[in-house]
Every structure is written in C-alpha cells, then in structure tokens.
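J.: Using the working numbering, the letters of the sequence shown correspond one by one to residues 850 to 1082. Using N, Cα and C, we set each Cβ at its ideal position, and we do this for glycine too. Below is a structure I'd like to ask you about.
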Amino acid sequence: MKLLVTVLAAAGLAAAHMRIIDPVPISSPENPNSDWTNIDYNINNPIGSMSQVPCKGAVAKFWDSKAGTPVRAYKQGKKYKMVMQNGGADHAGGSCQISLSYDRGATFRVIKSIIGGCAKVGASYEFRIPADAPTGKAVFSWSWNNRIGNREFYQDCAAVTIKKNTAAMNPPKVAFSARPNIFVANIPGSGWCVDEGYDVVYPNPGPDVQSTSDRPRKPRQCSGRRSAKVFEA
850 MKLLVTVLAA AGLAAAHMRI IDPVPISSPE NPNSDWTNID YNINNPIGSM SQVPCKGAVA
910 KFWDSKAGTP VRAYKQGKKY KMVMQNGGAD HAGGSCQISL SYDRGATFRV IKSIIGGCAK
970 VGASYEFRIP ADAPTGKAVF SWSWNNRIGN REFYQDCAAV TIKKNTAAMN PPKVAFSARP
1030 NIFVANIPGS GWCVDEGYDV VYPNPGPDVQ STSDRPRKPR QCSGRRSAKV FEA
C-alpha cells in the first residue's frame, strides 16, 4: 500500500512545475525516511509568501524527525550531481542556486549559481562541495527563478551529511563563511523582481558560476516593504 501511494503521488506531481529528485527533498513522497506526516503533495508548487521561506517550512517542522534523516553523504572537495525530475513544467529553464545551511535554514551559503538552462526536465547539474565546508548534517537547498510564466520562486530542501576529506586539497579562493546567501525574488516582501523571458543574473552569485544564458538580465528592485526574513545576498 505504501508503494502504491508513493507511485500515485509521484504521478500526480509529474505534470506540475519542477523539483529535484537527487538529493530527495524532506517533503518529497520519494523520501525513503518518510513517516507520511512530512509529505507535501504540492511540493512542486512555488513558494507563495515570505512566511514559507525557507524550504516551505519543511526544515522547521521535520528536521528532528525521521523524515529529516540525511539522504546523501557528500565529502569536502568532491564533485556530485543534482538531478531534476522527469516530467513537469520547466518554464524554459531559468537560473538557480545550490546552497548549504548548517543552522536549519536561518542562513545559506551558495556553493553554485547556474545562470540559464536550470531546471530542465530530467537534467543533472554538477556541483562541488567546498573544501572548507563544515562537516555534519546540513540543509541542501535548490532555489530557482523560472524564465517564462508567472513570476515565481521555488525552493526544495534535502537533509544531507557533509563528511571530512582527509586528502590534500587546495585552499578555496573564497572562504565558505564568505560565500553569499541565496537570492530570493518574486515574492511580496523579497524586495527583488525578475523580468519574464530572461535568466536572472544574481547580484552576488559566489565564486562558482555556470552560465549558458542567451538572455541574461539583472534583477530589479521592487516597490513595497521588505520582509525582515529577506536573506542579504
């Protein structure tokens, strides 16, 4: 029965927007550590308000539960791949960021910014864990600004473990603690808007950037009061 529910849930999500499947998000029906109280059957939907930042509340609710058990182990300095779901609406791609948090999502540190071509159906994106990333349990975040369609912001969060690498590694050009926080836009109170039809160029993308955009554009500041929860990039 559990398998059947998982399959049906995944099928229902396939037609809507996008999400990552590796690492598996905390609120995903595919989370092997699911206790069924954690599942967000609308996980593919965008974040609707700053009250859902970060991670649509998944970390705050389930970090200490079975569902918050790490699903992947990554080693300092090593390369890995993040994988998108097969199926869904990729909105012609856009820009996205991969980041880590060690304080339950209060702050994030961007480990890769991808300008253009992000969130393509079934695609994988390579990233490297910084050599000086702290070890221990961490929040792995994928955040996305879509290129076409409604002006939206998406974020998936998974529980991972960062392990120590004892091999000799070159010191990073930018210390982990000096990396930027994630960029949040298109949510009332975020202070930033991204124009439709373009791939946002992040104001502070960090040292690891991949750009394939044929229509890059800087974001613009929006009117209105900024939420106190806005991350300072």
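If you follow the beta strand (DSSP E) that Ala987 is in, where does it begin and where does it stop?
T.: Taken as a continuous stretch (DSSP letters only), the beta strand (DSSP E) holding Ala987 covers 985-995.
J.: How would you label Ile947, buried or exposed, when you count the other beta carbons within 10 angstroms and need 16 or more for buried?
T.: Buried, by the Cβ-count rule.
J.: Relative to the C-alpha of Pro1020, which candidate in Asn894, Gln925, Pro1037 has its C-alpha closest?
T.: With distances taken between Cα atoms, Pro1020 lies closest to Gln925.
J.: If we ignore side chains and look at the alpha-carbon of each, how far apart do Asn876 and Ser973 end up?
T.: One point to set straight first is that residue 876 is Ser, not Asn, in the sequence displayed. Each residue's Cα considered, the two are about 20 Å apart.
J.: If you follow the beta strand (DSSP E) that Ala908 is in, where does it begin and where does it stop?
T.: It should be pointed out that residue 908 corresponds to Val in this sequence rather than to Ala. Note, Val908: premise wrong, no beta strand (DSSP E); alpha helix (DSSP H) at 907-911.
J.: Return the chain-ordered list of same chain residues with a C-beta closer than 6 Å to the C-beta of Pro872, the five sequence neighbours on each side being excluded.
T.: Once the five neighbours on either side are set aside, the close Cβ partners of Pro872 are Val920, Arg921, Phe989, Ala1007, Val1009.
J.: Excluding the 5 residues preceding and the 5 following Asn880 in the sequence, name in chain order all residues of the same chain whose CB lies nearer than 8 Å to its CB.
T.: Taken in chain order, the residues that qualify are Val873, Pro874, Asn887, Ile888, Ala916, Val920.
J.: Assuming Ile947 is part of the beta strand (DSSP E), what are its boundary residues?
T.: Unbroken beta strand (DSSP E) run through Ile947: 943-950.
J.: Return yes when the Cβ of Gly965 is within less than 8 Å of the Cβ of Ser992, no when it is not.
T.: In this structure, Gly965 does not lie closer than 8 Å to Ser992 by Cβ.
J.: Mark Met867 as exposed unless 16 or more other C-beta atoms lie within 10 angstroms of its C-beta, in which case mark it buried.
T.: Met867 comes out buried.
J.: How about Pro1029 and Val959: do their beta carbons lie closer than 8 Å?
T.: Yes.
J.: Buried or exposed: which applies to Arg996, given that a residue is buried once 16 or more other Cβ atoms fall within 10 Å of its Cβ?
T.: Counting Cβ neighbours within 10 Å, Arg996 comes out buried, since at least 16 surround it.
J.: Anyone know if the C-beta pair for Ile963 and Ala982 falls short of 8 Å?
T.: No, the Cβ-Cβ distance between Ile963 and Ala982 is not below 8 Å.
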